[in-house]
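Asker:
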Amino acid sequence: MMSFVGWWPELVKGPDVSLDEVCIIGAGVIGSLCAVHLAREAQVSILVRRQEHARDLNEHGLTVSGKSNFTSRVYAVTDAAELPDFSLGIVATKATQLEEAVAPLKGRFGDAAFMTIQNGIGAEQLVARYGDWPLISSVTFMSGIRHGDHHIEYELDTATWLGPYQGTSIETARDVGDLFVASGLEAEVLPDVRPAQWSKLIFNHAVNSVAAVTDLPHVALYARRGRPSDLGWLVAGLIDEGKATAAAAGVELFEDPWEMNVEAVTTGQTDSEQYAHVPSMLGDIRAGRKTEVEFITGALVGEADRLHIDVPLSRAMYQLLRARDRSYDD
Amino acid sequence: MRIGIIGCGAVGSLFAAHAAQLDDIEVWAYDISQEHVAAINKDGLRLTGVEEVHSRPTATTDPGALPVLDFGIVATKGMYTRSAIEATAHAFAGGAVCSVQNGVGNEEIIAEYVPRVIRGTTFPAGRLIAPGLVQFDVAGATQIGPFEPKPATMDEVESLAAILSRGGMETIPLGDARGAQWTKVIFNAASNALCSLTQLPHGRAANNAEVRWVMDRIIEEGKQVAAALGIEMEKDPAVLLEESIPVALDHKPSMLQDVLNRRPTEIDQLNGGICAFGDETGIPTPMNRAAWYLVKGLEASWRLEEQ
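Written out as structure tokens, the structure reads:
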């Protein structure tokens, strides 16, 4: 078995792009997919929580299968003090672990820009609490399956949408988008990510909350509205409440979340006849982990309250999800 | 006098076992479970728990074996109402049939097959723990009254109530039993659906502030539908819910038992029933609808896993 221990920082510099040192904070599914791809074009360091995870990545590199197939060298640490300099930090933790991961970076890496890639809304503001770094906002639709600490399967090779948030220009966002595309990921650069972020927020809110409460993966039933008791009515009701909230917030949606739902369950993005993707909140519930409910359904209900929009169905889902999360505190 | 229990599961067995203690009443129990029927005919029907009862109704899986009956008590799960009454209606050509089932909409189905119908609501609960043996968990009263569109006579209602009460199942005859039924339906729509979705027992679900918020709204909508139907509630289901917490802290409502055993639930008759009558009266029922869809989604998740 090859060992990559100690290769950093002797590695020869990558191709001549402006963002040649990237730090991935958190190596779950999305962090790992970013890391393995971007490492083809840049030196990639990874900040993880577990020692074994870091050791495993440093010993074996990071392997991707599925839509991409290769192994990349990465440099993983568990202590932020050991991170080498970087020009782009991608915060890819779960929203629930974001603050814990970013806090040790406070006051450091003054020259870096940071990009958030979490589900829901509110991640940018959380990062901004720990430094006045220029920020890039993003929403990702790619998905993967972890097969251990150093093997990630690239499941859906759908795009990441990114754009300037604060202290950055569209040019910086374009550089990041170019880096993504050059490394084999799909990316789309937008002057304002909010319309895309809200489209995904509303889609995630409806699909994730229903999945987390019913234990039903995202299947065709989510888009069915034949009989009066069909689940599609609830999904549509949740989406309508989200759209009313977005409209009140002055956000014009990039995509219709209902169409996203229909497309996801009818086009069979997973190459299987029955698209049975397990949404992340359901994955969390099944694994006994806390869900991102506060950043998705909670954030939406919070916005609705602020804007005085009545969202009874969304609030019901929020209450039920909180009840489920609460049970893990015991 | 002959009584037929149609569907001799947990609740049906409570009625059958009690009534069969009476010397002057012949009790027939119709059920599709071969083992349960065989056990009843061999060793009798036993209740254990809040009361010990052992009696000998005549059980059968063959609807053709039923003699002419004076009264019927339908105690199947709601999704089997039609098939059960369709098979047994011949025995009630001259009799009156009473539903003691959960939810709303069962009497309407029964009325399609028999001439005189009694609306019933029962609170006693239990569970089948072995063929011929039922755990009697919760005692309580049953309220019955004529089903308005196709009513049994008040004499029949009073006669049935007297028989059941004499057998040990307290039964109250009412001129209008809708208030009692809707009180229980609304209570059950809140409790059963939310216990099923959270997998918490009754009292613990109601004690959880997040879950209670949803329960309270389900109850509020149900009360509005009942009011639009001109029904006066027997008791405020919100008060009933509050009072039930210490009594049924760790009780698993029947729908939660169904969910844990991956059996089809009665959600169509509970929250679905409230939605149907809400549509009829123009009352919006978004929270009942959400609960209805979510339990349907939960049921769908089992079918997906079986594929």
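Going down the list, the sequences are from chains A and B.
Counting from 1, one number per residue, gives the positions in the first sequence under the working numbering.
Counting from 1001, one number per residue, gives the positions in the second sequence under the working numbering.
Cβ coordinates follow ideal geometry from the N, Cα and C atoms, glycine included.
Note that the coordinates shown come from a computational prediction; the quantities given were computed from them, not determined experimentally.
Going by DSSP in three states, B:R1002 sits in which element: helix, strand or coil?
Answerer: Reduced to three states, the DSSP call for B:R1002 is strand.
Asker: State the CB to CB distance for the pair B:F1187 and B:T1048, rounded to an integer number of angstroms; the pair is presumed to be in contact (CB under 8 Å).
Answerer: So it is not a contact: roughly 26 Å between Cβ atoms.
Asker: Could you pull the start and end residues of the alpha helix (DSSP H) that A:P195 belongs to?
Answerer: Per DSSP, A:P195 belongs to the alpha helix (DSSP H) from 194 to 214.
Asker: According to DSSP, is B:R1082 part of a helix, a strand, or is it coil?
Answerer: Three-state DSSP puts B:R1082 in a helix.
Asker: Here's the rule I'm using: 16 or more other beta-carbon atoms within 10 Å means buried, otherwise exposed. How should B:A1209 be labelled?
Answerer: B:A1209 should be labelled exposed.
Asker: Do we get a CB-CB distance below 7 Å when we pair B:S1196 with the residues of chain A?
Answerer: Cβ-Cβ to chain A under 7 Å: no for B:S1196.
Asker: For a contact meaning CB atoms closer than 9 Å, what does B:Y1293 contact in chain A?
Answerer: Result: V210, T214, S229, D230, L231, G232, W233, L234, V235, G237.
Asker: Give a yes or no on whether the minimum CB-CB distance between B:E1210 and chain A is below 7 Å.
Answerer: Yes, its Cβ sits closer than 7 Å to a Cβ of chain A.
Asker: Roughly how many angstroms lie between the CA atoms of B:G1145 and B:T1121, to the nearest whole one?
Answerer: Distance between the alpha carbons of B:G1145 and B:T1121: 9 Å.
Asker: Take every Cβ of the segment 1071 to 1088 of chain B, pair it with every Cβ of the segment 1258 to 1275 of chain B, and state whether three or more of those distances are shorter than 8 Å.
Answerer: Yes, the segment 1071 to 1088 of chain B is in contact with the segment 1258 to 1275 of chain B.
Asker: Do A:T63 and A:H205 have their C-beta atoms within less than 7 Å of each other?
Answerer: Against a cut-off of 7 Å, the Cβ pair of A:H205 and A:T63 comes out as no contact.
Asker: With a threshold of 7 Å between beta-carbons, can A:T312 be considered close to chain B, or not?
Answerer: The residue asked about is misnamed: residue 312 of chain A is Pro in this sequence, not Thr. By this cut-off, A:P312 is an interface position.
Asker: How would you list, in chain order, the residues of chain B whose beta-carbon sits under 9 Å from the beta-carbon of A:V301?
Answerer: Correct list: empty, because the minimum Cβ distance to chain B is about 12 Å.
Asker: State the Cα-Cα distance for the pair A:A128 and B:E1234, rounded to the nearest angstrom.
Answerer: Approximately 57 Å between the Cα atoms of the pair.
Asker: I'd like the span of the alpha helix (DSSP H) that includes B:Q1034, first residue to last.
Answerer: Taken as a continuous stretch (DSSP letters only), the alpha helix (DSSP H) holding B:Q1034 covers 1034 to 1043.
Asker: Indicate the three-state DSSP secondary structure (helix, strand or coil) for A:T116 in the structure shown.
Answerer: Three-state result, A:T116: strand.
Asker: What did DSSP end up calling A:D240 once you bin it into helix, strand or coil?
Answerer: In this structure, A:D240 counts as helix in the three-state DSSP scheme.
Asker: Strictly under 7 Å for the Cβ-Cβ distance: is A:A123 near chain B by that measure?
Answerer: A:A123 does not count as touching chain B.
Asker: What three-state label does DSSP hand A:G144 in the structure shown?
Answerer: The answer is strand: DSSP assigns A:G144 an E or B state.
Asker: Under 7 Å between the Cβ atoms of A:V29 and A:G144?
Answerer: Yes, they are a contact pair.
Asker: With a threshold of 16 other CB atoms inside 10 Å of the CB of B:I1129, please say whether the residue is buried or exposed.
Answerer: Label assigned to B:I1129: exposed.
Asker: Under 8 Å, with one C-beta from each stretch per pair, do the segment 1150 to 1168 of chain B and the segment 1198 to 1214 of chain B reach the 3-pair mark?
Answerer: Output reads no: the segment 1198 to 1214 of chain B does not touch the segment 1150 to 1168 of chain B.
Asker: If contact means a Cβ-Cβ distance below 7 Å, which residues of the segment 187 to 204 of chain A contact chain B?
Answerer: Cβ contacts with chain B come from no residue of the segment 187 to 204 of chain A.
Asker: Secondary structure at B:V1114, three-state DSSP: helix, strand or coil?
Answerer: In this structure, B:V1114 counts as coil in the three-state DSSP scheme.
Asker: Counting only beta-carbon atoms, is A:R224 nearer than 7 Å to chain B?
Answerer: No, A:R224 lies away from the interface with chain B (no Cβ there is under 7 Å from its Cβ).
Asker: Taking three-plus beta-carbon pairs below 8 Å as touching, is the segment 298 to 314 of chain A in contact with the segment 1030 to 1047 of chain B?
Answerer: No: the two stretches stay apart, fewer than three of their Cβ pairs being nearer than 8 Å.
Asker: Name the chain A residues that come within less than 9 Å of B:P1286, Cβ to Cβ?
Answerer: Going along chain A in sequence order, the residues near B:P1286 (Cβ under 9 Å) are G237, P312, L313, A316.
Asker: Are the Cβ atoms of B:F1147 and B:V1225 separated by less than 7 Å?
Answerer: Contact: no.
Asker: Within the same chain, show all residues whose beta-carbon is closer than 6 Å to that of B:P1237, passing over the 5 residues directly before and after it, in chain order.
Answerer: Correct list, in chain order: T1183, I1186, F1187, I1219.
Asker: Quick one: is A:K106 buried, meaning 16 or more other Cβ sit within 10 Å of its Cβ, or exposed?
Answerer: Exposed.
Asker: Out of B:E1158, B:T1088, B:R1082, B:E1299, which one is the CA nearest neighbour of B:P1063?
Answerer: Answer by Cα proximity: B:T1088.
Asker: Determine which residues share a DSSP beta bridge with B:V1097 and list them.
Answerer: BP columns for B:V1097 point to B:G1072, B:V1117.
Asker: Under 9 Å Cβ-Cβ, which residues of chain A neighbour B:W1213?
Answerer: Correct list: R315, A316, Q319.
Asker: How about A:L221: is its C-beta nearer than 7 Å to some C-beta of chain B?
Answerer: Cβ-Cβ to chain B under 7 Å: yes for A:L221.
Asker: Are the C-beta atoms of A:A356 and some chain B residue less than 7 Å apart?
Answerer: No statement about residue 356 of chain A is possible, as the shown extent of chain A runs from 1 to 330 and does not include it.
Asker: With distance defined between alpha-carbon atoms, name the residue in B:I1003, B:R1289, B:S1013 nearest to B:G1222.
Answerer: Nearest C-alpha to B:G1222: B:R1289.
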